[in-house]
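Here it is in structure tokens:
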């Protein structure tokens, strides 16, 4: 039996039906123990703890790369809108949907004091300066 | 009776306690037979006729408790499993994949997929279509050269193939499996490594009217390769970088198989394009 069951292609399409539980001021970061590699615009994510491999498409890869514990969801949505030349509202909706799915897969974790400002999520204003 | 095998550059010495067990192993591994050598791996195997008529088999590897098998098929399964796990330990530098491996116009390609996806049946059929044999069930890739090493043991089928691909009379029929000795395959059997050119990830769809094939991105192929890798943890970063290096250099496809002849034709057509690039 291979040690890793095959992952699913993620996300096949953004689920826009329900919003993320995070505000757009929140910032999240990739789990440190998860290995990921960007390959030709897509990302392979290996979660050894769960024994699952994921493939992120270009949009999800863009968001994944920016889940660095510093960028807020607003920052990411703005960058996504600019990079993919889409309406900012659509970008925000996609970021929310993808973040929600990445969280459902337990690939993200909240920022700690070492990541943000005094353990609190920086406000979007302070991040934009 | 001694049988010495050379597999992936490792020597396996098997002491057979009876003629039947020796003949069984020789039929399965005859193409891997080597001149005498002390062997990195040593086994003692044998069988005993039971009063009820059954023949029970045993396998002993140095320092390990014996394995017991109720019939020839189970014996071959257990021997193969134990030996290949040990070989994976001996050759940690190789990347082992659950795959059938064939050669077409001097390039190797792997049919990759989980058990029941049709790897061996498709491998058997392709041997009738200008493809040549490297391995069944186990693809061993040298990461430095990106070549696939041969492992020409008997090709093992779980069920009788369609009539257009008949079995040779030398096929060994075990309780649940059919074993076609490499010497009786309808093709050339490779003894040397061959450069890898393509990977096909098999999916069997019951009732599909025709086979389909679609190219995979490197990331998609990497995910599928890792899922079918047998020793990824023997490599740095859990085999992730090795899988990317492998898939980056070859063309990869997802193949949904259907009618066997049509599936073979589609693979051959695709391979023609791959090797002519």
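Protein chains in written order, with this note's numbering: chain X, 1 to 129; chain G, 1001 to 1277.
Note that beta-carbon positions come from the ideal geometry of N, C-alpha and C, so glycine has one too.
If you're wondering where the values come from, they're calculated on a predicted model, not measured in any experiment.
- According to the DSSP secondary-structure assignment, residue 1107 (chain G) is paired through a beta bridge with G:1104.
- Listed along the chain, the chain G residues whose CB falls inside 7 Å of the CB of residue 42 (chain X) are 1217 and 1219.
- Excluding the 5 residues flanking it on each side, residue 1251 (chain G) has same chain C-beta neighbours closer than 6 Å at 1198 and 1274, in chain order.
- The shortest CA-to-CA distance from residue 1107 (chain G) to any of G:1132, G:1031 and G:1207 is the one to G:1132.
- A straight-line Cα-Cα distance of about 21 Å links residue 38 (chain X) and residue 1095 (chain G).
- Chain X places no beta carbon closer than 8 Å to that of residue 1246 (chain G), leaving this residue out of the contacts.
- Contact check for residue 1091 (chain G) and residue 1010 (chain G): beta-carbon distance about 7 Å, within the 8 Å limit, so the pair qualifies.
- Going by C-alpha positions, residue 44 (chain X) is about 29 Å away from residue 1123 (chain G).
- In this structure, residue 46 (chain X) lies near residue 1240 (chain G), with their beta-carbon atoms less than 8 Å apart.
- Cβ proximity to chain X below 9 Å picks out 1222, 1223, 1224, 1226, 1227, 1228, 1229, 1230, 1231, 1232, 1233, 1237, 1238, 1239, 1240, 1241, 1243, 1244 and 1247 from the segment 1222-1247 of chain G.
- The C-alpha of residue 1171 (chain G) lies about 39 Å from the C-alpha of residue 1218 (chain G).
- Between the segment 1147-1158 of chain G and the segment 1178-1194 of chain G, the count of C-beta pairs closer than 8 Å reaches three or more; the two stretches touch.
- The C-alpha of residue 67 (chain X) is placed about 15 Å away from the C-alpha of residue 58 (chain X).
- If the five residues before and after residue 1017 (chain G) are omitted, its C-beta is found closer than 6 Å to the C-beta atoms of 1046, all from its own chain and listed in chain order.
- In this structure, the CA atom of residue 1213 (chain G) is about 26 Å from the CA atom of residue 1143 (chain G).
- In this chain, the beta strand (DSSP E) harbouring residue 35 (chain X) covers 35-39.
- Residues of chain G with a Cβ closer than 8 Å to the Cβ of residue 35 (chain X) are, in chain order, 1237, 1238 and 1240.
- Against chain G, a Cβ distance below 7 Å from residue 39 (chain X) picks out 1218, 1219, 1222 and 1244.
- Under DSSP, residue 1214 (chain G) shares a beta bridge with G:1254.
- Here DSSP, grouped into helix, strand and coil, assigns residue 86 (chain X) to coil.
- Leaving aside the five residues that flank residue 1035 (chain G) on each side, the residues in its chain whose CB is nearer than 8 Å to its CB run, in chain order, 1004.
- Excluding the 5 residues flanking it on each side, residue 1195 (chain G) has same chain C-beta neighbours closer than 7 Å at 1107, 1108, 1146 and 1147, in chain order.
- If you check each beta-carbon in the segment 91-110 of chain X against every beta-carbon of chain G, none falls closer than 8 Å.
- Counting only residues of its own chain and dropping the five nearest sequence neighbours on each side, residue 90 (chain X) has a CB closer than 8 Å to the CB of 81.
- Residues of the same chain with a CB within less than 6 Å of the CB of residue 28 (chain X), apart from the 5 flanking positions on each side, are 67 and 108 in chain order.
- Unbroken beta strand (DSSP E) stretches of 3 residues or longer found wholly inside the segment 1101-1169 of chain G: 1107-1112, 1132-1135, 1139-1142, 1147-1149 and 1155-1157, given in chain order.
- Between residue 1161 (chain G) and residue 1222 (chain G) the beta-carbon gap is near 32 Å, outside 8 Å, which marks them as no contact.
- In the structure shown, residue 103 (chain X) adopts helical secondary structure according to DSSP, grouped into three states.
- Separation of residue 1103 (chain G) and residue 1127 (chain G) (C-alpha to C-alpha, rounded to the nearest whole angstrom) is 9 Å.
- If you draw a 10 Å sphere on the C-beta of residue 1098 (chain G), you find 16 or more other C-beta atoms in it, and that means buried.
- Of the residues G:1139, G:1062 and G:1007, the one whose Cα lies closest to the Cα of residue 1029 (chain G) is G:1007.
- Its Cα nearest to that of residue 1267 (chain G), the residue G:1129 stands out among G:1025, G:1059, G:1129 and G:1236.
- Within its own chain, the residues whose Cβ lies closer than 6 Å to the Cβ of residue 1118 (chain G), once the five positions on either side in sequence are excluded, are 1202, 1204 and 1257, listed in chain order.
- DSSP, reduced to helix, strand and coil, places residue 31 (chain X) outside both helices and strands of the structure shown, so it counts as coil.
- At a cut-off of 8 Å between C-beta atoms, residue 49 (chain X) does not count as an interface residue with respect to chain G.
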